[in-house]
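Note sheet for the following structure.
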Amino acid sequence: MIVALQTLIYFRQSLLSVLERLIGPYYIRFSFLPNKDDDLDDEDSEEQVFAEYDDEKGVVFFPPMYVQRYAAVNDCLLDERWSGKLEKVVDLGYHDMSFIKYLKEVPGVEHILGVDIETVPLRCSSDLLANGEFAPKRETPLQITLFQGNAADPDYRLIGCDAVVAIEMIEHMMPHDLDRLVHNIFGFIQPWIAVITTPNADFNVLFKSMEKNGLRRWDHLFEWTREQFNDWCSNIVTRYPNYTVSCKGIGPGPPGTLHHGCCSQLALFVSKNYCKQQDLTIDSMALVKDVPITSNLSDMEGSWEYTDPLVEKNMLCAPTKLNCSTFQVKSFSKTTKNLMEKNKTDSLVHTREVVDEIRQLTKMLNFDKNTLDQKQYTWNNINWGENAPYWNQYYKVVRDYNYPFETKSEECRILELISDEINRLIDLQSTEENSISGEKLEIPIDYLMRIVEHITNDVDKVKDLLEWNGYEVVDNIVVYSRLIVENISVATPDNEWQDNDTLSDVNKQFEFVDARDVA
Ligand SMILES: C[S@@+](CC[C@H](N)C(=O)[O-])C[C@H]1O[C@@H](n2cnc3c(N)ncnc32)[C@H](O)[C@@H]1O
Ligand SMILES: [Mg+2]
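Counting from 1, one number per residue, gives the positions in the sequence shown under the UniProt record's numbering.
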């Protein structure tokens, strides 16, 4: 049975590449914010998201449920309040990296972490990373670090994450782990936002195939109704009042089933006072600079007391009292305390500086650990008892990959943006006319200036650049002579989006193969 499951999982990657080709264009249209000037009206996009009854399967979603889920999570990450500012993001329960594939393209993201308790799916992930070696260079740096570990454990490498994503993971967790996960996210990582999704049990009556299984998916430890999920979420914000939460459904059912809600449910948690380094005021900069962690080896001698509750709570949280030698965390200086009182805060912000300092510190502690292990010291940790892993290093690194990147010149970026826009306009017109004739396309330079306004507002420079690169510019109009292109049509089978969300995640993929084979 396990071997069969593993085989299916291995198959999944190649299936995903097929899927990618099929849903790619749809996904881009559906998920990423439409271009400002795109005329994609709400009515149009709503028409594309719907569900139908199938006599055998029950409800079938268009597009497939997981696509709708990824799109909903992406929408959260692209919210204008933090769009472009989420640099370090962790995907908890990343499975085979299906979502990381899209996360990679979220503007501003420079470090993606994946944590999964399973090791089998990790082998499927290698493709995405290996492709990276041959892929065109990125314009921005990107590091992907995959860990094997329990998302409930507060590994120090999670510190500094701006966003936490957990798609359809919590229902696979044991109750005590789920409790610890909450603390890990909101007490330890303290991200700017956290996006958590889980199935909606109210919806399950619509799935006939679940009737045999007590109306839940066989591989889930629980499934919550909307009320239960809302309770769980409001309980979190009561315990962590720094956060607000909003819930919504993903994957509407067929007409007339609105009262059951949607197939999945999503909670978006937002920190009320998250502060990134570049947003810090002079006062809070001082506060951060004053963090009294000494990262000097000579200071590591003496008794180990981890007494400052602020440091314990906000910086590393876990090992409360270490009954061995070598480190001392001094308490806050007077200036820091005054500043904290003035700012009415009892917490420190995780900034790059602090995080780097913690990393440096951790390296030294790891070095020390080997010596300590030999002496058979025990660790006493409030949550994990004796012999807890050293200094919050719970996860094993499975893969750490840096994508190659090169920064493009300003001219190159301007040209690329303008040529993409011209191509988009051509596509738009060709879909409208259903063919491309030999006519000319005339685009006012002012219009193109808006596309590159974040780089330059020098019209003459852009005109020169375009002319140098073979574009015809007459007065302030770019004249594009179109080629005559034969009608191109991409055949899409009717049942392309079929998906039955009642099955386990593994079976779901298998089901898809069958559907394709039949089609
Ligand atoms: C249904 S899959 C999630 C799929 C993935 N997030 C996506 O949307 O494509 C659930 C994943 O959570 C992982 N998982 C379950 N319990 C976990 C835990 N305690 N810590 C980390 N990962 C866990 C499983 O190994 C599995 O890969
Ligand atoms: Mg599942």
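Ideal placement from N, C-alpha and C gives every residue a C-beta, glycine not left out.
For this session: Please state whether DSSP places glutamate 110 in a helix, a strand or coil.
Result: For the purposes of this step, residue 110 is taken as the residue at position 110 of the sequence shown. Coil at glutamate 110, not helix or strand.
Exercise. Can we count tyrosine 102 as close to ligand 1, meaning its CB is less than 7 Å from some heavy atom?
Worked result: Position 102 of the sequence shown holds residue 102. Not under cutoff, so the answer is no.
Problem set entry | Limits of the beta strand (DSSP E) - the one that glutamine 265 falls within | Locating residue 265 in the sequence shown gives position 265, where the first residue counts as 1. Taken as a continuous stretch (DSSP letters only), the beta strand (DSSP E) holding glutamine 265 covers 262-271.
For this session: Give the straight-line distance between the Cα atoms of glycine 93 and glycine 114, rounded to the nearest whole angstrom.
Result: Counting from 1 along the sequence shown, the entry for residue 93 is found at position 93. Counting from 1 along the sequence shown, the entry for residue 114 is found at position 114. Taking the straight line from one Cα to the other gives about 7 Å.
For this session: Mind checking who serine 246 pairs with in its DSSP beta bridge?
Result: Within the sequence shown, the letter at position 246 stands for residue 246. In the DSSP output, where bridge partners are listed per residue, serine 246 has Leu268.
Problem set entry | Check: arginine 217 C-beta below 7 Å from any heavy atom of ligand 2 | Working through the sequence shown from its first residue, we reach residue 217 at position 217. Arginine 217: yes, Cβ under 7 Å from ligand 2.
For this session: Would you list the one or two residues that DSSP bridges to residue 589?
Result: Limits of the chain in this structure are 1 at one end and 519 at the other, which puts residue 589 out of reach.
Problem set entry | Entirely enclosed alpha helix (DSSP H) segments - the region 385-425, minimum 4 residues | none
Exercise. Which runs of the alpha helix (DSSP H) spanning at least 4 residues fall entirely within the region 165-253, listed in chain order?
Worked result: 175-182 and 226-239
Problem set entry | leucine 215 to leucine 77 span [Cα, whole Å] | One-based indexing of the sequence shown puts residue 215 at position 215. One-based indexing of the sequence shown puts residue 77 at position 77. Taking the straight line joining both Cα atoms gives about 32 Å.
Exercise. Does the beta carbon of phenylalanine 99 fall short of 7 Å from some heavy atom of ligand 1?
Worked result: Locating residue 99 in the sequence shown gives position 99, counting from the first residue. True, at least one ligand heavy atom lies under 7 Å from that Cβ.
Exercise. Where isoleucine 250 and tryptophan 192 are concerned, what is the direct C-alpha to C-alpha distance, given to the nearest angstrom?
Worked result: Working through the sequence shown from its first residue, we reach residue 250 at position 250. Working through the sequence shown from its first residue, we reach residue 192 at position 192. Roughly 22 Å between the two C-alpha positions.
Exercise. When DSSP builds the beta bridges, which residues end up paired with isoleucine 159?
Worked result: Translated into the one-based positions of the sequence shown, residue 159 becomes position 159. According to DSSP, isoleucine 159 bridges with nothing at all.
Problem set entry | Same chain, Cβ closer than 7 Å to leucine 415, neighbours up to 5 away in sequence not counted | In the sequence shown, counting from the first residue as 1, residue 415 sits at position 415. Excluding residues within five positions, the ones whose Cβ falls inside 7 Å are Leu465 and Asn469.
Exercise. Looking at C-alpha atoms only, which residue of Pro199, Glu171, Arg81 and His183 is the closest neighbour of histidine 260?
Worked result: Counted from its first residue, the sequence shown places residue 260 at position 260. Of the candidates Pro199, Glu171, Arg81 and His183, the one whose C-alpha sits nearest the C-alpha of histidine 260 is Pro199.
Problem set entry | Runs of alpha helix (DSSP H) wholly within the region 57-112 (minimum 4 residues, chain order) | 65-77 and 100-103
Exercise. Does the distance from the CB of alanine 152 to the CB of aspartate 177 come in under 8 Å?
Worked result: What you label residue 152 is simply residue 152 of the sequence shown in a count that begins at 1. What you label residue 177 is simply residue 177 of the sequence shown in a count that begins at 1. Closer than 8 Å, so yes.
Exercise. Considering only C-alpha positions, which residue in the set His183, Ile189, His220 and Gln48 is nearest to histidine 172?
Worked result: Position 172 of the sequence shown holds residue 172. Ranking the options by Cα distance to histidine 172, first place goes to His220.
Exercise. Can you find a heavy atom of ligand 2 that lies under 7 Å from the Cβ of glutamate 168?
Worked result: Walking along the sequence shown from the start, residue 168 turns up at place 168. Yes, ligand 2 has a heavy atom inside 7 Å of this Cβ.
For this session: In angstroms with no decimal places, state the Cα-to-Cα distance between isoleucine 69 and leucine 268.
Result: Within the sequence shown, the letter at position 69 stands for residue 69. Within the sequence shown, the letter at position 268 stands for residue 268. The sequence given here has arginine at residue 69, not isoleucine. Roughly 13 Å separates the two Cα atoms.
Exercise. Are the Cβ atoms of leucine 146 and arginine 399 separated by less than 8 Å?
Worked result: Within the sequence shown, the letter at position 146 stands for residue 146. Within the sequence shown, the letter at position 399 stands for residue 399. Result yes, Cβ atoms of leucine 146 and arginine 399 sit closer than 8 Å.
For this session: Drop a sphere of 10 angstroms on the beta-carbon of cysteine 262, count the other beta-carbons inside from all chains shown, and report buried for 16 or more, exposed for fewer.
Result: Counted from its first residue, the sequence shown places residue 262 at position 262. The residue in question, cysteine 262, is buried, as its Cβ has 16 or more Cβ neighbours within 10 Å.
Exercise. From isoleucine 443 to serine 481, what does the alpha carbon distance come to, in whole angstroms?
Worked result: The residue labelled residue 443 in the question sits at position 443 within the sequence shown. The residue labelled residue 481 in the question sits at position 481 within the sequence shown. Looking at the two C-alpha atoms, the distance is approximately 11 Å.
Exercise. Between the Cα of alanine 163 and the Cα atoms of Asp179, Tyr394 and Asn184, which residue gives the shortest distance?
Worked result: Reading the sequence shown from its first residue, position 163 is the one you call residue 163. The option with the nearest alpha carbon to alanine 163 is Asn184.
Exercise. How would you label valine 478, buried or exposed, when you count the other beta carbons within 10 angstroms and need 16 or more for buried?
Worked result: Here residue 478 refers to the residue found at position 478 when the sequence shown is read from its first residue. It is buried - the Cβ of valine 478 has at least 16 other Cβ atoms within 10 Å.
Problem set entry | Residue closest to histidine 111, alpha-carbon to alpha-carbon, out of Tyr66, Glu80 and Leu158 | If you number the sequence shown from 1, residue 111 lands on position 111. Residue Leu158 is the option with its Cα nearest to histidine 111.
For this session: Reducing DSSP to helix, strand and coil, say where isoleucine 455 ends up.
Result: Reading the sequence shown from its first residue, position 455 is the one you call residue 455. Coil.
Exercise. Valine 462 by DSSP, collapsed to three states: which one?
Worked result: Start at 1 with the first residue of the sequence shown, and residue 462 comes out as number 462. Residue state, collapsed to three classes: helix.
Exercise. What does a CB cutoff of less than 6 Å around proline 107 pick up in its chain, not counting 5 residues either side in sequence?
Worked result: If you number the sequence shown from 1, residue 107 lands on position 107. Correct list, in chain order: Gly84.
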